[in-house]
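Numbering-wise (the UniProt record's numbering), the sequence shown opens with residue 1 and increments by one.
C-beta: ideal position from N, C-alpha, C; glycine also.
Let me begin by presenting the structure, written as structure tokens, before commenting on it.
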Amino acid sequence: MDHFEYRDGELFCEEVRIADLAAEFGTPLWVYSQNALLSNLREIQIAFADAEPVICYSVKANSNLSILKLMNEAGSSFDVVSGGELYRVQQAGGDTTRVAFAGVGKTDAEIRFGLESNILMFNVESEAELDAIAAVAGDMGVVAPVALRLNPNIDAKTHAKTTTGKKGNKFGIDIERASELAAKVLADGRLSLVGIHMHLGSPILTTEPYAMAVKKGVEIVNEFRAAGHDTNWINLGGGFGINYKQNEAPPAKAFADVIVPAIREAGCRLALEPGRFICGNAGVLISSVTFTKREGGKLFVIQDAAMNDLVRPAMYDAFHRIWPVKPAVEAPDDYEGEIPGCEPVDVVGPVCESGDVLAKARWLPETSRGDLICTFSAGAYGTTMSSNYNSRPRGAEVMVSGGTHRIIRRRETYEDLVANEMIES
Ligand SMILES: *Cc1c(COP(=O)(O)O)cnc(C)c1O
Numbered sequence: 001m002d003h004f005e006y007r008d009g010e011l012f013c014e015e016v017r018i019a020d021l022a023a024e025f026g027t028p029l030w031v032y033s034q035n036a037l038l039s040n041l042r043e044i045q046i047a048f049a050d051a052e053p054v055i056c057y058s059v060k061a062n063s064n065l066s067i068l069k070l071m072n073e074a075g076s077s078f079d080v081v082s083g084g085e086l087y088r089v090q091q092a093g094g095d096t097t098r099v100a101f102a103g104v105g106k107t108d109a110e111i112r113f114g115l116e117s118n119i120l121m122f123n124v125e126s127e128a129e130l131d132a133i134a135a136v137a138g139d140m141g142v143v144a145p146v147a148l149r150l151n152p153n154i155d156a157k158t159h160a161k162t163t164t165g166k167k168g169n170k171f172g173i174d175i176e177r178a179s180e181l182a183a184k185v186l187a188d189g190r191l192s193l194v195g196i197h198m199h200l201g202s203p204i205l206t207t208e209p210y211a212m213a214v215k216k217g218v219e220i221v222n223e224f225r226a227a228g229h230d231t232n233w234i235n236l237g238g239g240f241g242i243n244y245k246q247n248e249a250p251p252a253k254a255f256a257d258v259i260v261p262a263i264r265e266a267g268c269r270l271a272l273e274p275g276r277f278i279c280g281n282a283g284v285l286i287s288s289v290t291f292t293k294r295e296g297g298k299l300f301v302i303q304d305a306a307m308n309d310l311v312r313p314a315m316y317d318a319f320h321r322i323w324p325v326k327p328a329v330e331a332p333d334d335y336e337g338e339i340p341g342c343e344p345v346d347v348v349g350p351v352c353e354s355g356d357v358l359a360k361a362r363w364l365p366e367t368s369r370g371d372l373i374c375t376f377s378a379g380a381y382g383t384t385m386s387s388n389y390n391s392r393p394r395g396a397e398v399m400v401s402g403g404t405h406r407i408i409r410r411r412e413t414y415e416d417l418v419a420n421e422m423i424e425s
């Protein structure tokens with residue numbers, strides 16, 4: 001959390017006062033640290049360097065063009081899950097020839113867009129998708145590079161809504177069917193089996209699931225090779241956890257230690273798709289207190305960020321650290337449980353849903369109307385999952401670098417809300 005720090009009783013992002021940004025751009029406001037983004041990417045680049053991986057930043061974690069451009073310039077490639085994300089990569093100047101395209105429901109138009117963009121590989125999630133890719137590639141007279149997305153039946157011990165590598169969820173192909181589908185690819189001149197893909201879920205806080213996955217992956221790649229495929233890529237997806245609370249997540253090096261030796265021994269190319277790890281702790285959501293009220297024996301802090309801005313608490317029961325920008329009590333090491341000088345409050349937004357709660361029974365210092373509040377670790381799956389529910393315009397996004405800042409998405413207006421709608425005249 002070093003890029004967001006309390007100094008002299010107030011919160012800074014790098015060398016910039018958060019309160020100054022809120023005064024300039026209003027709230028709710030997303031603030032990113034450019035150096036946090038770069039150092040998180042660098043941590044992965046360094047940890048996995050011995051495997052010379054292609055790191056595909058997962059666009060869905062945060063797809064702002066400025067962030068994509070920054071990632072591209074720092075040597076990252078991209079993982080996309082839709083044609084819209086591929087378009088964003090193009091708009092940001094990204095190299096589409098190193099893009100991995102995942103997703104269980106790619107349309108023919110998306111497949112065509114991927115092939116036209118010369119992407120590195122499609123992560124194929126079903127036999128029907130293989131057929132569709134073959135048909136589009138045949139039409140275009142090209143050979144489509146495919147990686148089979150395998151469901152390795154590994155329990156990554158994450159939230160039910162974010163586990164993806166366990167039998168019975170919608171992702172991937174059952175690992176037992178891999179050879180059968182590989183044979184089908186071999187017999188089809190429009191397809192080339194360049195690798196396998198697994199994405200186990202997110203966020204993952206232990207290394208064991210990756211150790212198991214890479215072992216299974218290497219076995220299968222060797223099977224494919226024995227069957228005559230030129231298969232080199234093992235794409236282990238993303239899912240590396242981050243510290244939402246304190247120090248619950250292992251460093252990138254710990255994941256690399258269980259992955260890199262196996263990849264090197266097998267003589268494979270490694271692809272990774274980290275999203276959250278890169279941007280999660282590089283962004284915060286700043287809001288201001290609209291009202292406080294005591295009702296039903298509880299204290300509610302009603303502030304101007306809501307579930308339409310950051311849906312993770314409502315959707316995944318996710319924990320985000322929350323603390324005032326200019327707190328009356330020094331920020332604790334542990335945000336869970338009782339904190340001296342504080343009282344338990346429900347931090348809620350103005351949206352008309354009981355689920356519009358950013359934090360329940362959270363110990364906070366006293367706040368009053370107009371006080372700024374920071375919700376930490378909001379850089380991943382914040383803006384990308386946001387909506388205009390309750391016709392709430394989305395807040396601005398600002399990038400801080402050292403002592404400077406620049407706006408990377410302007411605040412939406414009421415006009416923006418209705419811009420695509422027509423009424424009969
Ligand atoms: C969402 C997703 C990722 C990124 O997951 P993180 O937890 O953000 O690292 C990577 N690969 C695929 C296929 C995904 O769907």
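- Rounded to the nearest whole angstrom, the CA to CA distance from residue 114 to residue 101 is 8 Å.
- Taking C-beta atoms under 8 Å as the contact rule, residue 142 and residue 211 fail to qualify, at a distance of about 37 Å.
- When the alpha-carbon of residue 418 is set against those of 389, 402, 397 and 408, the nearest one is in 389.
- Taken atom to atom, the span from the alpha-carbon of residue 225 to that of residue 386 is near 43 Å.
- The C-beta of residue 196 has 16 or more other C-beta atoms within 10 Å across all chains shown, which makes the residue buried.
- Within 10 angstroms of the beta-carbon of residue 106 lie 16 or more other beta-carbons, which makes it buried.
- Looking at the DSSP output, residue 303 shares a beta bridge with 289.
- If you draw a straight line from the Cα of residue 234 to the Cα of residue 401, it is about 35 Å long.
- At a threshold of 6 Å, residue 199 counts as near ligand 1, since its beta carbon sits closer than that to one of the ligand's heavy atoms.
- Contact between the region 263-273 and the region 60-74 is not established, with fewer than three Cβ pairs separated by less than 8 Å.
- Closest in C-alpha terms to residue 383, from the list 369, 370 and 412, comes 412.
- With contact defined as three or more Cβ pairs closer than 8 Å, the region 141-157 and the region 190-206 are in contact.
- In terms of Cβ geometry, residue 22 and residue 364 do not form a close pair [threshold 7 Å].
- Fully enclosed alpha helix (DSSP H) runs of no fewer than 4 residues occupy 65-73, 83-91 and 108-116 of the region 43-122, in order along the chain.
- Separation of the CB atoms of residue 49 and residue 72 is rounded to 19 Å, and the pair is thereby denied contact status at 8 Å.
- Straight-line measurement puts the Cα of residue 20 at about 12 Å from the Cα of residue 403.
- In the three-state scheme derived from DSSP, where H, G and I count as helix and E and B as strand, residue 279 is classed as helix.
- Between residue 246 and the set 31, 376 and 183, the nearest pair of CA atoms involves 376.
- Within the same chain, and ignoring the five residues on either side of residue 80 in sequence, the residues whose Cβ sits closer than 7 Å to its Cβ are 59, 86, 89, 99 and 101.
- Rounded to the nearest whole angstrom, the C-alpha separation of residue 165 and residue 368 is 45 Å.
- Residue burial annotation: residue 182 is buried, with at least 16 other C-beta atoms found within 10 angstroms of its C-beta.
- Closer than 6 Å to some heavy atom of ligand 1: that describes the Cβ of residue 273.
- In the structure shown, residue 236 adopts coil according to DSSP, grouped into three states.
- If you check the CB distance, residue 268 and residue 380 do not come in under 7 Å.
- Counting along the chain, residue 209 sits inside the alpha helix (DSSP H) bounded by residues 208-226.
- In its chain, beyond the 5 residues on either side, 331 have a beta carbon closer than 6 Å to the beta carbon of residue 6.
- Within the same chain, Cβ atoms closer than 6 Å to the Cβ of residue 138 are found at 190, the five residues on either side in sequence being excluded.
- Taking 7 Å as the cut-off, the beta carbon of residue 325 is found no closer than this to the beta carbon of residue 29.
- Under the 8 Å Cβ criterion, the region 293-309 counts as touching the region 344-363, having at least three qualifying pairs.
- Between ligand 1 and the CB of residue 411, the shortest heavy atom gap is not smaller than 6 Å.
- For residue 4, the enclosing beta strand (DSSP E) has its first and last residue at 4-7.
- At least one heavy atom of ligand 1 falls within 6 Å of the beta-carbon of residue 58.
- Our two residues, residue 123 and residue 167, have alpha carbons roughly 18 Å apart in a direct line.
- In this structure, residue 83 has its beta carbon at no less than 6 Å from each heavy atom of ligand 1.
- Counting every other CB atom within 10 Å of its CB across the protein chains shown gives residue 352 a total below 16, marking it as exposed.
- CA-to-CA, the gap between residue 359 and residue 40 works out to about 26 Å.
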